[in-house]
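Undergrad: Structure incoming, see below.
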Amino acid sequence: QVQLVESGGGVVQPGGSLRLSCAASASIFSIYDMGWYRQAPGKQRALVAGITRDGLTNYADSVKGRFTISRDNAKNTLYLQMNTLQPEDTAVYYCKGVLGSRLTWGQGTQVTVSS
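Numbered per the working numbering, the sequence shown spans residues 162 to 276.
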């Protein structure tokens, strides 16, 4: 089973950008459907963006036009480019991999948007 490790979080001012990465431990990554989720304090974890093994994408309404999900199967890595960040984007961001009934989560990376 693939293991996932997120990186790229940090503190950024409103209007700024960050790129998150999620590195997978095995080349089997290429056949996983992948997604980015986030969980803010006191809230449930929610889908931010998803990408299928075939490259089809979907986004939460709150991030459409600002965030872009992508994957590089040669590098076994999932990305989330986040632009025009707002304070309400502050959360722990997790990547998730799905292969049939198998669900794999990363450990999360903190994103804080604050002036």
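Think of the CB as a built atom: it goes at the ideal place given N, C-alpha and C, for glycine as much as any other residue.
Checking 8 Å against the spacing of the C-beta atoms, do Gly203 and Gln271 come in under that value?
TA: Stepping through the sequence shown from its first residue, residue 203 is reached at position 42. Stepping through the sequence shown from its first residue, residue 271 is reached at position 110. The answer is no: Cβ separation not under 8 Å.
Undergrad: Below 7 Å CB to CB, which residues in the same chain sit around Thr245 once its five sequence neighbours on both sides are set aside?
TA: Taking the first residue of the sequence shown as 1, we reach residue 245 at position 84. Within the same chain, Thr245 has close Cβ partners Gly176, Arg227.
Undergrad: Measuring CA to CA, which of Leu239, Cys256, Ser182 is closest to Leu208?
TA: Working through the sequence shown from its first residue, we reach residue 208 at position 47. Measuring from the Cα of Leu208, the nearest candidate turns out to be Cys256.
Undergrad: Assuming contact is defined by CB atoms lying nearer than 8 Å, are Thr273 and Gln162 in contact in what I supplied?
TA: Working through the sequence shown from its first residue, we reach residue 273 at position 112. Working through the sequence shown from its first residue, we reach residue 162 at position 1. Taking 8 Å as the Cβ cut-off, Thr273 and Gln162 do not qualify as a contacting pair.
Undergrad: What first and last residue would you give for the beta strand (DSSP E) that runs through Arg263?
TA: On the sequence shown, residue 263 is found 102 positions in, with the first residue counted as 1. Looking at the DSSP string, the run of the beta strand (DSSP E) that includes Arg263 is 263-266.
Undergrad: Note the first and the last residue of the continuous beta strand (DSSP E) segment covering Lys225.
TA: By one-based count along the sequence shown, residue 225 stands at place 64. Careful: Lys225 lies outside any beta strand (DSSP E) and carries neither H nor E.
Undergrad: Quick one: using the 10 Å Cβ neighbour count with 16 as the cut-off for buried, is Gly277 buried or exposed?
TA: In this structure the chain extends from 162 to 276, so residue 277 is not present and cannot be described.
Undergrad: Which one of Tyr254, Gln268, Gly267 has the shortest CA to CA distance from Tyr198?
TA: Walking along the sequence shown from the start, residue 198 turns up at place 37. Nearest option by C-alpha distance: Tyr254.
Undergrad: So, using beta-carbon positions, are Ile230 and Leu241 closer together than 8 Å?
TA: In the sequence shown, residue 230 corresponds to position 69, counting from 1. In the sequence shown, residue 241 corresponds to position 80, counting from 1. Going by C-beta atoms, Ile230 is nearer than 8 Å to Leu241.
Undergrad: Output the distance between the C-alpha atoms of Val172 and Ser275, rounded to the nearest integer angstrom.
TA: By one-based count along the sequence shown, residue 172 stands at place 11. By one-based count along the sequence shown, residue 275 stands at place 114. Rounded to whole angstroms, Val172 to Ser275 spans 7 Å at the Cα level.
Undergrad: Once the 5 residues before and after Arg206 are set aside, which same chain residues still bring their CB inside 6 Å of it?
TA: By 1-based counting over the sequence shown, the position of residue 206 is 45. Taken in chain order, the residues that qualify are Tyr198, Gln200.
Undergrad: Thinking C-beta only, is Ile212 closer than 8 Å to Arg232?
TA: Along the sequence shown, one-based indexing puts residue 232 at 71. Along the sequence shown, one-based indexing puts residue 212 at 51. A contact, by the Cβ cut-off of 8 Å.
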